[in-house]
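Colleague:
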Amino acid sequence: MTTTLIPATELAARNHASFPNESDEYRRARNALLAEEIELRRHIERVAELRRQLPPGGEVTKDYRFEGENGPVTLADLFGGKDTLIIYSYMFGPKRDKPCPMCTSLMGAWERKVPDIEQRVALALVARSPIERLVAAKKDRGWTQLKVYSDGDGAFTRDYVSAEDADVPGYTVFTRRDGTIRHFWSAEMNDKMADPGQDPRDAPDLDPLWTLLDTTPEGRGKDWYPKLAYPNGG
């Protein structure tokens, strides 16, 4: 059943918010922006619905194996008792001295959300370095809830992240229905799809850092990125 939505401009006109000393010009512009924000919310939901309606993805027929913090595991093991598995492949290949700061920023945002995420789906973080390096880096960050796994032979990475086994990030969702594991969805935006003047990005952004900065007059900036450490120890 199709639901007829009230026009965004009409919903925005119902807004009675105001703040001290704001001008009429500000309020008109803010309500116009509010209508666009409502449309954005609706577009995000339309995209999410289209994603949910994807036909069945390719069946996983290979026996992918990883090294976990407690020993070897298979892709099927990563599901635990869930029907859906999210794998984030982060940039920490064997040639890197330290993990990617951008990946680390994203993973840090998820650390405290793991119990919430695992109410509905399984989450695994995979990189190409040996498990000992992944565990050491995890301890350096003070993380205790994210589960990290080493794709030692690179088979999973080459099939679902980079055929060239490049040190690039990947976000992949798998389903398990009636014992059959299938690929559901992967982030497929890359630098060739970036708009002028913008860094390559997915939509929606997975890191709340960028969403937060988008609400500020300074925005994301064009020459600033997260770091692994800051002078003040943060």
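Just so you know, we're using UniProt numbering here: the sequence shown kicks off at 1 and counts up by one. By construction, the Cβ of each residue, glycine as well, lies at the ideal position given by its N, Cα and C atoms.
Which of the three DSSP states, helix, strand or coil, is assigned to residue 127?
Modeller: The answer is strand: DSSP assigns residue 127 an E or B state.
Colleague: Distance, Cα to Cα, residue 213 vs residue 226?
Modeller: Their Cα atoms are separated by approximately 12 Å.
Colleague: Cα separation between residue 109 and residue 229?
Modeller: Taking the straight line joining both Cα atoms gives about 15 Å.
Colleague: I think residue 168 touches residue 69, with their Cβ atoms under 8 Å apart; what is that distance to the nearest whole Å?
Modeller: Their Cβ separation, rounded to whole angstroms, is 24 Å, which puts residue 168 and residue 69 out of contact at 8 Å.
Colleague: Within the continuous beta strand (DSSP E) that includes residue 242, where are the two ends?
Modeller: Examination of residue 242 is not possible in this model, given that the chain is present from 1 through 234 alone.
Colleague: With which residues is residue 149 paired in a DSSP beta bridge?
Modeller: Paired residues: 68, 126.
Colleague: Quick one: is residue 143 buried, meaning 16 or more other Cβ sit within 10 Å of its Cβ, or exposed?
Modeller: Looking at its Cβ environment, which holds 16 or more other Cβ atoms inside 10 Å, residue 143 is buried.
Colleague: From what residue to what residue does the beta strand (DSSP E) around residue 170 run?
Modeller: 170-177 is the span of the beta strand (DSSP E), which, as asked, contains residue 170.
Colleague: Can you tell me which of the three DSSP states residue 186 falls into?
Modeller: The answer is strand: DSSP assigns residue 186 an E or B state.
Colleague: Would DSSP call residue 59 helix, strand or coil?
Modeller: Residue 59 falls in the strand class under three-state DSSP.
Colleague: Around the Cβ of residue 161, are there at least 16 other Cβ atoms within 10 angstroms (buried) or fewer (exposed)?
Modeller: Classification for residue 161: buried.
Colleague: Rounded to whole angstroms, how far is the Cβ of residue 207 from the Cβ of residue 106, which I believe are closer than 8 Å?
Modeller: That pair is a contact at about 4 Å.
Colleague: Could you check if residue 26 is buried or exposed, using at least 16 other CB atoms within 10 Å of its CB as the buried criterion?
Modeller: Residue 26 comes out exposed.
Colleague: Whose C-alpha, out of 5, 59, 36, 42, is nearest the C-alpha of residue 181?
Modeller: Selected option, being the one with the closest Cα: 59.
Colleague: Going by DSSP, what residue range makes up the alpha helix (DSSP H) through residue 103?
Modeller: Start and end: 101-111.
Colleague: What's the gap between the Cα of residue 103 and the Cα of residue 195?
Modeller: One C-alpha to the other measures close to 22 Å.
Colleague: Just to confirm, is the Cβ distance from residue 117 to residue 125 under 7 Å?
Modeller: Cβ distance not < 7 Å, so residue 117 and residue 125 don't count as in contact.
Colleague: Decide if residue 129 is buried, meaning its Cβ has at least 16 other Cβ atoms within 10 Å, or exposed.
Modeller: With 16 or more Cβ atoms within 10 Å of its Cβ, residue 129 is classed as buried.
Colleague: If you run the structure through DSSP and keep just helix, strand and coil, what is residue 38?
Modeller: Reduced to three states, the DSSP call for residue 38 is helix.
Colleague: Just curious, the alpha helix (DSSP H) that residue 210 is in, first and last residue?
Modeller: Note, residue 210: alpha helix (DSSP H), 208-213.
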